[in-house]
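Chains as they are written, first to last, in my numbering: chain A, 1024 to 1403; chain B, 1024 to 1403. Think of the CB as a built atom: it goes at the ideal place given N, C-alpha and C, for glycine as much as any other residue. Predicted model, so just to flag it, every value in this text is computed and none were measured. Heads up, the thing below is written out as structure tokens.
Protein chains: 2
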Amino acid sequence: MTESQVSAEPGQGGTVAGPAQAVPAPTYEGDFVLDEHLLLDCGRTLAGPTLHYAVYGRLNAARDNAVLVCHALSGSARVGDWWPEIFGPNGLLSLENDCLICVNLFSSCYGSTGPGSVDRETGEVYGPDFPLVSIRDNVRAQGRLMDSLGIRRLRLVLGGSIGGMQALEWAIVHPERVERAVIIAVAPLSAMGLALNHLQRKAIQQDPDWHGGYYLPQRPPRRGLALARQIAMLSYKAPPLFDDRFGRNPNRNGEDPLGLDDLGGGLIGGRFDIAGYLDHQGKRFIDRFDANAYLAILRTMDTWDPMHGHASATATFSRIRARLSFVGISSDWLFPPESVRNFAYTIRAAGVQADYREMTSEHGHDAFLAEQAELVKLLQ
Amino acid sequence: MTESQVSAEPGQGGTVAGPAQAVPAPTYEGDFVLDEHLLLDCGRTLAGPTLHYAVYGRLNAARDNAVLVCHALSGSARVGDWWPEIFGPNGLLSLENDCLICVNLFSSCYGSTGPGSVDRETGEVYGPDFPLVSIRDNVRAQGRLMDSLGIRRLRLVLGGSIGGMQALEWAIVHPERVERAVIIAVAPLSAMGLALNHLQRKAIQQDPDWHGGYYLPQRPPRRGLALARQIAMLSYKAPPLFDDRFGRNPNRNGEDPLGLDDLGGGLIGGRFDIAGYLDHQGKRFIDRFDANAYLAILRTMDTWDPMHGHASATATFSRIRARLSFVGISSDWLFPPESVRNFAYTIRAAGVQADYREMTSEHGHDAFLAEQAELVKLLQ
């Protein structure tokens, strides 16, 4: 299979990145369109799907300074927007020496083919018929993008959460193409993780505006998606952090949860501060994300098992040639540090060079985004 | 204030409890109706409200063998149905010597006055206008029930979760009337606890059948209530327990979460086993509980702060004359053991005789119901 060439290649057009900034801008951002059908793990195909990607820094002449950054559930290819300190001053990476590439996941709503895209075969929007695209499907397609950019080998692949799933899958699917992989705050989803995703899914499905996924673009299931995001937020944060920040305070807008002003009228009282915060997070999210895309990525996340399709754990992991670093976060209860550590040790038992590092943080799962400087220190 | 007498008094009718059984039956179950208005902490009143209660065993001649058992969020006065091992063979209590009384919480749907009851002043169902009834309001009314039964002093008051809130509040509100209180798996709700309740509330409010609480009895917000219950279930259980029981197994009815049978069609795949379990729990719950009652009790739980209305922690807790035992559960993440312990120590610092015990269990918050024999051992 060959791929269509992207209209402009990063590092080829003479664009030179300036000194690292607080929020770096991509040197290139564009689409890569596969010129034929992508056969998916589930047995279906995507006809000529698009991968949207962003590039920061420039590829050197040897094309051996490429670093692939993989984003998490609701992220985008614009890694400068959500992980700026990774390659800011004192960052892990430098825009002088490294060429960072970040690819939007299939199923997402930030440029790659997803449920909101038109199926090139039927000419209609996929909607709820969008197929299950696995992490491995993503990684295979990302490999073709690298081919098109003339990148044979990645110096580093890294990501947190679903990004970490992709980073590890890269080391398995493309063993000769990865020098090092950093896998942060992830392991195959536990039963609690599956449970959290199931309830998020239900929150969206139960919104009467969802209409089985056939909602109108101007009337999406906003309340269901907001509730899904809020359920997820609980799992991204650590309880002590919530206590420190919000405690049992009334909502900062002056609501009265104790019902003294309104004589305890009604079943729904004034909000506590944590409730106001969660509602705010829900509102912010529905302005930037699509409900069907969210459902599709939840399924991608749920079904990820790197051993799937391989004979055994040893058969899966002994393929790996890269050096791996796993990072657990002390207060993460979605992917608890002990499960990340055990996962690392399982992989090491297959003869892989893999270390485990632990980030001490109060932030919970989100620490890899909330405390980037700490993460950088741990990885340097 | 005087109260109407109950039509039959336990321990007076000559009913003798038989030997302890697996699921003991009450020796008496009935209603106590306050014969005037109950002034609530929020400033409103309940006109002649009803407390439904059940009695197990018999009151002795001195009426000094009464034990009050306080139920949790969705429990009922029939403690024999949900906590049978507490007074079964080798239990903490004995139906030969003790007289157990359990009172249904206001706002509940198991017999005491709640949102589904008729307001005696207006002749109409309260519905969503039902006022906030605090834990302390409940405990004051329970005190009047004890008056009516001729019980001056309780040998023991005990309960888990919201039941524990009541047990502690008894020791504060009625200091001379409580000999010992056992407070299990509870402290004032943390920010994470408030967050979980907020999302449960939203799940119900977002059900189009909720209609602001004015739903038809034959068409209640079933899906919203089921989702609320499922969110709560996550907080009642410990993640390792879910892993042991459900892992990443497909739902036991044969669904296919990996989408191999249906070629990954659609955004909603077959369920994992944990999802099937949660859906089952949701379905079971909506057959036995009312959505407005659920909302009302969430608010009672949210707003509980034993120090409310007192000048300080010392002023609150130094009132206590009872011996207190606090029980934390090692795997509880809704009321983590360290927060129960810290709460116990805060109270002890006010000069109260209070000990802290920890139950080692994989069951999470639910352990006080799921591992009753272990709890009994810890308390004996």
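Quiz item: Interface residues of chain B around Ala-1298(A) at Cβ under 8 Å?
Solution: Leu-1217, Ala-1218, His-1221
Quiz prompt | CB contact check: Pro-1107(A) to chain B, cutoff 9 Å | solution = no
Quiz prompt | Secondary structure of Leu-1398(A), DSSP reduced to three states | solution = Leu-1398(A): helix per DSSP, three-state reduction.
Quiz prompt | Those residues which DSSP pairs with Cys-1122(B) across a bridge | solution = Ala-1089(B)
Exercise. Measure from the C-beta of Ser-1213(B) to each C-beta in chain A and report whether the shortest distance is under 9 Å.
Key: yes
Quiz item: Does the distance from the CB of Phe-1391(B) to the CB of Ile-1207(B) come in under 9 Å?
Solution: yes
Quiz item: Does any C-beta atom of chain A lie closer than 9 Å to the C-beta of Lys-1306(B)?
Solution: no
Self-check item: Range of the contiguous beta strand (DSSP E) that encloses His-1221(A)
Solution: Looking at the DSSP string, His-1221(A) is not in any beta strand (DSSP E); the run it does join, the alpha helix (DSSP H), is 1214-1228.
Quiz item: Shortest alpha-carbon distance to Pro-1240(A) belongs to which of Phe-1312(A), Gly-1351(A), Ala-1085(A)?
Solution: Phe-1312(A)
Quiz item: What is the DSSP secondary structure of Ser-1171(B), counted as helix, strand or coil?
Solution: Helix.
Exercise. Consider the Cβ of His-1234(B): report whether some Cβ of chain A lies at a distance smaller than 9 Å.
Key: no
Self-check item: Cβ-based burial, Lys-1260(A) [other Cβ within 10 Å; buried from 16]
Solution: buried
Self-check item: Within chain B, the residues that Pro-1262(A) reaches when beta carbons sit closer than 8 Å
Solution: By Cβ distance, chain B contributes Ser-1213, Ala-1214, Met-1215, Trp-1356, Pro-1359.
Practice problem: To the nearest angstrom, report how far apart Ala-1314(A) and Ala-1298(A) are at their CA atoms. | Solution: 22 Å
Practice problem: Give the residues of chain B in contact with Arg-1322(A), contact being defined as C-beta atoms less than 7 Å apart. | Solution: Leu-1290, Gly-1292
Quiz item: Using the beta-carbon of each residue, which ones in chain A are nearer than 8 Å to Gly-1066(B)?
Solution: Leu-1283, Leu-1286, Gly-1287
Practice problem: Work out the CA separation of Gly-1292(A) and Asp-1286(A) for me, nearest whole Å. | Solution: With the sequence shown as reference, residue 1286(A) is identified as Leu, and Asp is not the correct amino acid for it. Going from the Cα of Leu-1286(A) to the Cα of Gly-1292(A) covers about 10 Å.
Quiz prompt | First and last residue of the uninterrupted alpha helix (DSSP H) at Ile-1370(B) | solution = 1360-1371
Quiz item: How is Arg-1156(A) classed by DSSP in three states: helix, strand or coil?
Solution: Per the sequence shown, residue 1156(A) should be read as Val rather than Arg. Here Val-1156(A) sits in coil by DSSP.
Quiz item: Taking three-plus beta-carbon pairs below 8 Å as touching, is the region 1066-1083 of chain B in contact with the region 1131-1139 of chain B?
Solution: yes
Exercise. Would you tell me roughly how many angstroms separate the C-alpha atoms of Asp-1296(B) and Asp-1087(A), rounded to the nearest one?
Key: Answer to the nearest angstrom: the Cα atoms are 45 Å apart.
Quiz item: Does Met-1188(A) have its Cβ less than 9 Å from a Cβ in chain B?
Solution: no
Exercise. Could you tell me the distance, in whole angstroms, from the CA atom of Ala-1338(B) to the CA atom of Leu-1318(A)?
Key: 52 Å
Quiz prompt | Ile-1352(B), DSSP secondary structure in three states | solution = Here DSSP, grouped into helix, strand and coil, assigns Ile-1352(B) to strand.
Practice problem: Return the Cβ separation of Ala-1377(B) and Leu-1347(B) in integer angstroms, given the expectation that the two are a contact with Cβ distance under 8 Å. | Solution: Between Leu-1347(B) and Ala-1377(B) the Cβ distance is about 4 Å, and since that is below 8 Å, they are a contact.
Quiz item: So is Ile-1185(B) in contact with chain A if we call contact Cβ pairs under 9 Å?
Solution: For Ile-1185(B), the answer is no, since every Cβ of chain A falls outside 9 Å of its Cβ.
Self-check item: Any C-beta of chain A under 9 Å from that of Leu-1062(B)
Solution: no
Quiz prompt | N-terminal and C-terminal residue of the alpha helix (DSSP H) that Asp-1142(B) is part of | solution = Note, Asp-1142(B): premise wrong, no alpha helix (DSSP H); not H, not E.
Self-check item: Pro-1389(B) at chain A interface by Cβ criterion, 9 Å
Solution: Note that residue 1389(B) is Asp in the sequence shown here, rather than Pro. It does not: the Cβ of Asp-1389(B) has no partner Cβ on chain A nearer than 9 Å.
Quiz prompt | chain B within 9 Å of Asp-1152(A), Cβ atoms only | solution = yes
Quiz item: For the alpha helix (DSSP H) that contains Tyr-1317(B), what are its first and last residues?
Solution: Under the DSSP assignment, Tyr-1317(B) falls in the alpha helix (DSSP H) whose first and last residues are 1314-1325.
Exercise. For Val-1363(A), collect the residues of the same chain with a Cβ closer than 6 Å to its Cβ; drop the 5 residues on either side in sequence, then sort them by chain order.
Key: Ala-1210, Phe-1349, Gly-1351
Quiz item: How would you write the range of the alpha helix (DSSP H) that Glu-1192(B) sits in, first residue to last?
Solution: Element bounds for Glu-1192(B): 1185-1196.
Practice problem: May I ask you to report which of helix, strand or coil DSSP gives Met-1382(A)? | Solution: In the three-state reduction of the DSSP assignment, Met-1382(A) falls in the strand class, which pools E and B.
Quiz item: How close, in whole Å, do the beta carbons of Tyr-1237(A) and Pro-1151(A) come, if the pair is a contact with beta carbons under 8 Å?
Solution: 7 Å
Exercise. Measure from the C-beta of Pro-1231(A) to each C-beta in chain B and report whether the shortest distance is under 9 Å.
Key: Against chain B, the CB of Pro-1231(A) has a partner CB under 9 Å away; the residue lies at that interface.
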